Structure formats: C-alpha cells, structure tokens
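Enquirer:
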Ligand SMILES: [Zn+2]
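Residue numbers (this note's numbering), protein chains in the order written: chain A, 1 to 152; chain B, 153 to 456.
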C-alpha cells in the first residue's frame, strides 16, 4: 500500500489521522479512548514509508469526527500529525494538531507518591511545557516517553 | 492578597510575601492588639502525618488571635483509617471550621484538597512537595537578621526530598538573592524546582562541598539528611557526615553569617554552634507564631 492509497482510500465519513510517528498508532487510539468496543470501524496502517517521517502510522476512524480539543492531545506524542475530516468521500476539513496548554485525564503521573495516583476521585491534569508536561498537583515533570504514561 | 488557599510558595508574589511579613512584624511588636481579632474563628487541623511543632505553632497562632482549633487527631483514630478518601474528609471537615491546615504524606495533596473546599486551606507540608508557611517564617527570620535583598544564601542537606528547601528556593527568586545549593550528588534539587528557578532567571549554583562556598555566605540554611534516603546505614553515615557543621568549621565564615534550620535537628548542627552569634534557628522557630498569625489574619479577613 502506498502513502497515497492509505491517505485517500475511500471512507465515506470520519477522521483520518496521518503523519503519526511509526509505531505510535495504538497509543493514539488509547489517547482518543478508542478501543473498538463502541463499534467504530477503525483501520490502522503502521510503519508506512514516509518522506517526512521515514516511517509513519495512519489511523482512520469511520463515522466519527474528532474535535480539535480531542485531537490536540495527540500533539504530545504525534506533533506532526495531520487531521483530515472526511464527509461524503471528500476531505471537508484539514487540521494540524496544536499543543494544548493543559491535558487532563490522559496521562498518569510518574510520581508514585502523587495524590493523583492514590485512590482519590481526582482527574490527573498536566500543564504542557515546551519540553514535556508537568503535573498540576505534585509538580513532577515528565519529559521522556510520554506514551508510557498514557492512562488506559 | 487574592489567594484563598496557600498551597505553594510559587503562588506568592514579592508583594504578597512582604505584606504578610509586615503584618507579622506588627503582630510581634504588639501581640495584644490582635488578641481578639478573630474571636469566633475555628481552625481545622488535619495532620495525616505526625507533627508537633507545626501543629502547636498553628494552634498557638489561632488562639492568640482569639480563635480556637478543631483537631482531627491522629490518623489511627480517624475515619481515614477506615479508608475514607482525602477528598471526602476535607469536604466534611470544612463544615466544622473557618479555615483548614493540612499536612499529608502525598505530594499534591494540598492542591487537590483545596479544589474540594471553599474555606481557605493552608498546606503545612505535602510529602516532599511544599511547606509554604515554613518559608514565610524563614523569610521573616532572614529579613530580621540580614535583610532580604542582595544576599548570598546557601541551602544545604537533602535538597531532593526537603519540602522546606523547595518552598524556600522558589520564594527566594522574588528577591535579589544568589542561591547556592550544597548536597550530596544523590540529593540534588529535583527537576521541577530547577525548572522553576530557571524560568525565574535564577542561576543554580551547586556544590558538594560546603567549604568552597562557606566564606561568601550571608545565610546558611541547613536541613536534615534522613537515613531512609540511603540503601544502608554505613553509606548514610559516610555521606551525612560531610554535611554537618560545628563552631570550628564556622570560623571560616563571615562574622555575621546567619545559620538557620527548620528543626528538629539531629546531628547536622553541633550544639557548640548554639553558643555562637550565627545561631538563629530557635529565633526562627519562635517566629512561626507571629508569621502564622499574620497569614491566618490575612486569610480570615478575606473571608469576612
Ligand atoms: Zn503528580
């Protein structure tokens, strides 16, 4: 399958997320809370040759338009991702992901002594820094391997 | 001051800090003038970790303002022991008091708790996180003995887990202080505090040896290195011994060096230092009452 085929292969309605770093597609789905249990048709291309990224992943979710705020959290692990909203087999909208100032409920704090990893009703929240993220509660900064901290 | 809760020194501007210290100065000069200032006020004490000093100091402060305490008591005998969440505990207890003081072993606990309550909540220590009221009394002590600007301050000991260190280092970025950090390699400042100092434009000068920087210090803030931070007793002894001071060692310091410690000390400051003019740590501890009175007065006034 070529890049061209993957990117435009016809879905009638939905969202195509392109230019995900190779190997991160499952993390992208985890961040978006898509686990297949709610019935969406999801297609994944992994490690597709790409001029820009060397190897990239592509995710297509049918019959669901993901909102900009949902997609912005992808910027943490897929900063170069492009988003195509498809309506009636046509690309109706095209977006880049933007780094949000804060993400909540997506990542788990890496500090085992943080109150958010205790059995409390609180939702994790992180301030997004130029490099990495910072727990709003305990101040811990996570810089490396954010994907390993995704809450599933 | 616009803050309802005091969870971290990062939220305090220079103006906020000076307003509290000024009021603490007024209180210290004439405590009786403030004796019936908050006659009906109840301060809720939630200490999820044992503490004698901080708890007594807050109790004395509210009582000297005319108020009283309601105390959760030790964790063993409370509903926390039965598995109640912190979020639930604080939501119940806020109904009993006009302000809350909380110490808890988890980092971020004060921030979280403050999101569940409407009465002012004061962080009296959250794990290895922050201890902002200790910092206010530290700053008050520094201001009294050396003034707050143009200082060279050395902070020594457990900089990684020491919450008083984190709060103090961040607060000092509001003043023209040159900060030096003296610790073993394994107990250096954590990444988040380094990040904040960097953001504030403060340079981080780190040392493993006190002697190389001691002669230029105006203030030396000593903290305890705990045994639990080391894999075994012998390693602890070897390392901790490097960060103990005595009167002999201080002969290399400036005559007007101020030595501080959040107390309790174990052996990091020898008793012979107590007899020198450098020792300010008991004065520092006493300052806890007027400073906490000033903070409570400010927060309760804001509620009225
Ligand atoms: Zn955290």
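Note that the Cβ used here is the ideal one computed from N, Cα and C, for glycine as well. All values derive from a computational prediction rather than experimental measurement.
Identify each residue in the segment 105-126 of chain A for which the Cβ-Cβ distance to at least one residue of chain B is less than 9 angstroms, and report them in chain order.
Expert: 109, 111, 113, 114, 115, 116, 117, 118, 119, 120, 121, 122
Enquirer: For ligand 1, I want to know if residue 116 (chain A) counts as a neighbour, meaning its beta carbon is within less than 7 angstroms of at least one of the ligand's heavy atoms.
Expert: Translated into the one-based positions of the first chain, residue 116 (chain A) becomes position 116. Result yes, Cβ under 7 angstroms from ligand 1.
Enquirer: Between residue 237 (chain B) and chain A, is the shortest Cβ-Cβ distance under 8 angstroms, so that the two count as touching?
Expert: Locating residue 237 (chain B) in the second chain gives position 85, counting from the first residue. True, the Cβ-Cβ gap to chain A drops below 8 angstroms.
Enquirer: Taking the CB atoms as reference points, tell me whether residue 303 (chain B) and residue 371 (chain B) lie closer together than 8 angstroms.
Expert: Taking the second chain and counting its residues from 1, the one referred to as residue 303 (chain B) is at position 151. Taking the second chain and counting its residues from 1, the one referred to as residue 371 (chain B) is at position 219. It is a contact, given that the beta carbons lie within the stated cut-off.
Enquirer: By DSSP's criteria, residue 251 (chain B) is part of a beta bridge. Which residues make up the other side?
Expert: Residue 251 (chain B) sits at position 99 when you count from the first residue of the second chain. For residue 251 (chain B), which the question treats as bridged, DSSP gives the partners B:195.
Enquirer: Any heavy atom of ligand 1 closer than 7 angstroms to the beta-carbon of residue 105 (chain A)?
Expert: If you number the first chain from 1, residue 105 (chain A) lands on position 105. For ligand 1, not one heavy atom lies less than 7 angstroms from the Cβ of residue 105 (chain A).
Enquirer: Please list, in chain order, the residues of the segment 338-359 of chain B that have any C-beta partner in chain A closer than 7 angstroms.
Expert: 343, 344, 347
Enquirer: Report all residues from its chain with a CB closer than 7 angstroms to the CB of residue 162 (chain B); omit the five preceding and five following residues, and keep chain order.
Expert: Locating residue 162 (chain B) in the second chain gives position 10, where the first residue counts as 1. Answer for residue 162 (chain B): 322, 348, listed in chain order.
Enquirer: Would you say residue 409 (chain B) and residue 430 (chain B) are within 8 angstroms of each other, going by their C-beta atoms?
Expert: Position 257 of the second chain, counted from the first residue, corresponds to residue 409 (chain B). Position 278 of the second chain, counted from the first residue, corresponds to residue 430 (chain B). Contact flag set, yes.
Enquirer: Does the structure place the segment 416-435 of chain B close enough to the segment 126-139 of chain A that three or more beta carbon pairs sit under 8 angstroms?
Expert: By the Cβ rule, the segment 126-139 of chain A does not count as touching the segment 416-435 of chain B, because fewer than three pairs are nearer than 8 angstroms.
Enquirer: Given residue 7 (chain A), which residues of its chain have a CB within under 8 angstroms of its CB, disregarding the five upstream and five downstream residues?
Expert: In the first chain, the residue the question calls residue 7 (chain A) occupies position 7. At residue 7 (chain A) the pLDDT is 47, less than 50, meaning the model places this residue with poor confidence and gives no usable figure here.
Enquirer: Kindly indicate the opening and closing residues of the beta strand (DSSP E) around residue 90 (chain A).
Expert: By one-based count along the first chain, residue 90 (chain A) stands at place 90. Note, residue 90 (chain A): beta strand (DSSP E), 90-96.
Enquirer: Note down, in chain order, each residue of its chain lying with its Cβ closer than 7 angstroms to the Cβ of residue 270 (chain B), except the 5 sequence neighbours on either side.
Expert: Your numbering for residue 270 (chain B) matches position 118 in the second chain. The answer, listed in chain order, is 246.
Enquirer: To the nearest angstrom, how far is the alpha carbon of residue 55 (chain A) from that of residue 21 (chain A)?
Expert: Sequence index remark: in the first chain, residue 55 (chain A) carries index 55 (1-based). Sequence index remark: in the first chain, residue 21 (chain A) carries index 21 (1-based). Cα to Cα, the separation comes out at about 7 angstroms.
Enquirer: Can you tell me whether residue 290 (chain B) is buried or exposed, with buried defined as 16 or more other CB within 10 angstroms of its CB?
Expert: Along the second chain, read from residue 1 onward, the residue named residue 290 (chain B) stands at position 138. Per the 10 Å Cβ criterion, buried.
Enquirer: In whole angstroms, what separates the C-alpha of residue 111 (chain A) from that of residue 129 (chain A)?
Expert: Taking the first chain and counting its residues from 1, one reaches residue 111 (chain A) at position 111. Taking the first chain and counting its residues from 1, one reaches residue 129 (chain A) at position 129. If you take the alpha carbons of residue 111 (chain A) and residue 129 (chain A), they lie about 17 angstroms apart.
Enquirer: Under three-state DSSP, which class holds residue 414 (chain B)?
Expert: Here residue 414 (chain B) refers to the residue found at position 262 of the second chain. Coil at residue 414 (chain B), not helix or strand.
Enquirer: Going by DSSP, name the residue or residues bridged to residue 303 (chain B).
Expert: For the purposes of this step, residue 303 (chain B) is taken as the residue at position 151 of the second chain. Residue pairing of residue 303 (chain B) in beta bridges, as defined by DSSP: B:329.
Enquirer: What residues in its chain sit with their C-beta under 6 angstroms from that of residue 310 (chain B), if we drop five residues either side in the sequence?
Expert: Within the second chain, residue 310 (chain B) is the residue found at index 158, counting from 1. Closer than 6 angstroms at Cβ, skipping near neighbours: 339, 375, 377.
Enquirer: Nearest by alpha-carbon distance to residue 453 (chain B): which of B:282, B:307, B:272 is it?
Expert: Looking up residue 453 (chain B) in the second chain gives position 301. Comparing Cα-Cα distances from residue 453 (chain B) to each of B:282, B:307, B:272, the minimum goes to B:272.
Enquirer: Check whether the segment 251-259 of chain B and the segment 114-121 of chain A are in contact - that is, three or more C-beta pairs closer than 8 angstroms.
Expert: yes
Enquirer: Rounded to a whole number of angstroms, what is the C-alpha to C-alpha distance between residue 187 (chain B) and residue 305 (chain B)?
Expert: As a working mapping, residue 187 (chain B) is identified with position 35 in the second chain. As a working mapping, residue 305 (chain B) is identified with position 153 in the second chain. Whole-angstrom Cα-Cα distance: 35 angstroms.
Enquirer: Under 9 angstroms between beta-carbons, which chain B residues line up against residue 136 (chain A)? List them in chain order, please.
Expert: Numbered from its first residue, the first chain carries residue 136 (chain A) at position 136. Residues of chain B passing the Cβ test: 260, 263.
Enquirer: Who are the near neighbours of residue 407 (chain B) in its chain, counting only those whose CB is closer than 8 angstroms to its CB and skipping five residues on each side?
Expert: As a first step, residue 407 (chain B) must be located in the second chain, where it is residue number 255. Excluding sequence neighbours, residue 407 (chain B) sits near 429.
Enquirer: For the segment 322-333 of chain B and the segment 346-360 of chain B, state whether three or more C-beta atom pairs, one from each stretch, are separated by less than 8 angstroms.
Expert: yes
Enquirer: Starting from residue 434 (chain B) and walking both ways along the alpha helix (DSSP H), at which residues does that stretch end?
Expert: On the second chain, position 282 is the one that residue 434 (chain B) refers to. Per DSSP, the continuous alpha helix (DSSP H) segment holding residue 434 (chain B) begins and ends at 433-438.
Enquirer: Quick one: grab the DSSP three-state call for residue 428 (chain B).
Expert: Within the second chain, numbered from 1, the residue matching residue 428 (chain B) stands at position 276. For residue 428 (chain B), the three-state secondary structure derived from DSSP is coil.
Enquirer: Nearest to residue 170 (chain B) by alpha carbon, out of B:331, B:296, B:382?
Expert: Sequence index remark: in the second chain, residue 170 (chain B) carries index 18 (1-based). When each option's Cα is compared against that of residue 170 (chain B), the closest is B:296.
Enquirer: Would you kindly check if the distance between the Cβ of residue 448 (chain B) and the Cβ of residue 214 (chain B) is under 8 angstroms?
Expert: Your numbering for residue 214 (chain B) matches position 62 in the second chain. Your numbering for residue 448 (chain B) matches position 296 in the second chain. Closer than 8 angstroms, so yes.
Enquirer: Taking 8 angstroms as the cut-off, decide whether the C-beta atoms of residue 13 (chain A) and residue 86 (chain A) are in contact.
Expert: Within the first chain, numbered from 1, the residue matching residue 13 (chain A) stands at position 13. Within the first chain, numbered from 1, the residue matching residue 86 (chain A) stands at position 86. For residue 13 (chain A) and residue 86 (chain A), yes; Cβs fall inside 8 angstroms.
Enquirer: Taking Cβ to Cβ, would you say residue 217 (chain B) is nearer than 8 angstroms to residue 180 (chain B)?
Expert: Sequence index remark: in the second chain, residue 217 (chain B) carries index 65 (1-based). Sequence index remark: in the second chain, residue 180 (chain B) carries index 28 (1-based). No, these two residues do not count as a Cβ contact at 8 angstroms.
Enquirer: Which residues of chain A have a Cβ atom closer than 8 angstroms to the Cβ of residue 281 (chain B), listed in chain order?
Expert: Within the second chain, the letter at position 129 stands for residue 281 (chain B). Those are 138, 139, listed as they occur along chain A.
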